[in-house]
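Undergrad: Submitted below is the structure of interest, expressed as structure tokens.
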Amino acid sequence: MRELSLNVLDIAQNSIAAAATLVTIEIEEAMGMLTIRIGDNGRGMTNEQLEQIRDPFYTTRKTRRVGMGIPLFRMAAEMAGGSLAIESEVGVGTTVTARFGLDHIDRMPLGDMVGTMDTLIRLNPGIDFLYRHTVDERSFELDTRSLREVLDGVPLSEPDIMDWIDANLTEGIQSLGSNA
Amino acid sequence: MKSIAELQALRDKAREKMTVREGSHDGTRVVVGMATCGIAAGARPVLKAFTEEIEKRHLGHVAVVQTGCIGMCQFEPIVEVIAPGKEKVTYGKVTPEMVAKIVTDHLVNGNPVAEYTVANLMK
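Now the structure itself:
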């Protein structure tokens, strides 16, 4: 992966495979750290499954949907002076949190988060996404649940609507003065 | 800043358009591999290029959808074109630059682009 936004797109696929109906993506830049959190309300994992996904070579066909995604994301975090943590509960959901040194020389750029959110929203009409990006005390949020209320049955994937979402995300993220 | 009023106006406009093309989807699907291997190889810009090209040409009968890893990671980004009554065509190592030709030749004119297929890459 060449940018962290691609890892986010990849990790979110696990939430989709876990039958989540809401996926929350949070980006936080504060006190010299970049924190990326991907949370879902999917079916969750047992402690045994959680242990297994730490080891990319342990992956069996049963856990294949997890695969290389988590190990790659963990590696990206650790080589940038950070870490990765997974919390999960069966029937409640899973949250993956990766932390990076914001100014670490080996930290990959956050990259095109608009492209990642566009892809997720466009391809998953049945799932809601909450994007929250915070830089110090400034914050921007896009919640497809509130957009759906306004749209009143018109799908988010309509070309004009997707253009509005992309423009909204672009303006919102730019207004934060992100360093990621 | 993009306003909610603007979104409401777009909603009303979209509603009119949707009524016009209702029922036009014929089951043609463009399937993009979006597993770790596909994403790492560049599936995201390829998918974007397909949706843009399909919108530009008003191909309302074509749906763009995603799939997981199909086990040919070395050929990612992989795109399958599935048209009703036709054999599935699998394209490999797809770049955004190849998309316009696939859309024009294959989706519009019904002629698969042989040189971009996985079958051709394996030769």
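Chains A and B, in that order, are what the protein sequence lines are.
Heads up, the first sequence is in this note's numbering, so the first residue is 52 and it goes up one at a time.
Heads up, the second sequence is in this note's numbering, so the first residue is 2 and it goes up one at a time.
No residue lacks a Cβ here, since even glycine has one placed at the ideal position from N, Cα and C.
According to DSSP, is A:E138 part of a helix, a strand, or is it coil?
TA: The answer is strand: DSSP assigns A:E138 an E or B state.
Undergrad: Beta carbon of A:W215, beta carbon of B:L11: below 7 Å?
TA: Going by C-beta atoms, A:W215 is nearer than 7 Å to B:L11.
Undergrad: Per DSSP, B:G34 is paired with what?
TA: According to DSSP, B:G34 bridges with B:T68.
Undergrad: Hey, is A:R112's beta-carbon within less than 7 Å of any beta-carbon in chain B?
TA: Any reading at A:R112 must be qualified, since the residue scores a pLDDT of 48, below 50, and its modelled position is unreliable; no value is offered.
Undergrad: Where do the N-terminal and C-terminal ends of the alpha helix (DSSP H) with B:V80 fall, by residue?
TA: Segment V80 to I83 is the beta strand (DSSP E) holding B:V80; no alpha helix (DSSP H) there.
Undergrad: By a C-beta neighbour count over all protein chains shown, 10 Å radius and 16 as the cutoff for buried, is A:V141 buried or exposed?
TA: Its Cβ having fewer than 16 others within 10 Å, A:V141 is exposed.
Undergrad: By the DSSP assignment, the alpha helix (DSSP H) with B:V47 in it spans what residues?
TA: Run containing B:V47: A44 to K57, per the alpha helix (DSSP H) assignment.
Undergrad: Residues in its own chain within less than 6 Å of A:E79 by CB, not counting five upstream and five downstream?
TA: The answer, listed in chain order, is T86 and T185.
Undergrad: Checking 7 Å against the spacing of the C-beta atoms, do B:A64 and B:V100 come in under that value?
TA: Not a contact, by the Cβ cut-off of 7 Å.
Undergrad: Measure the C-alpha to C-alpha separation of A:V205 and B:A15 and round it to an integer number of angstroms.
TA: Cα to Cα, the separation comes out at about 7 Å.
Undergrad: Ends of the alpha helix (DSSP H) at A:R125?
TA: Looking at the DSSP string, the run of the alpha helix (DSSP H) that includes A:R125 is G120 to E129.
Undergrad: Going by beta carbon distance, what residues of the same chain come within less than 8 Å of B:G69, once the five residues before and after it are set aside?
TA: Cβ within range, chain order: G34, M35 and A36.
Undergrad: Taking 6 Å as the line, does the beta carbon of A:V201 fall inside it for any heavy atom of the ligand FAD?
TA: This structure lacks the ligand FAD; in fact it carries no ligand of any kind.
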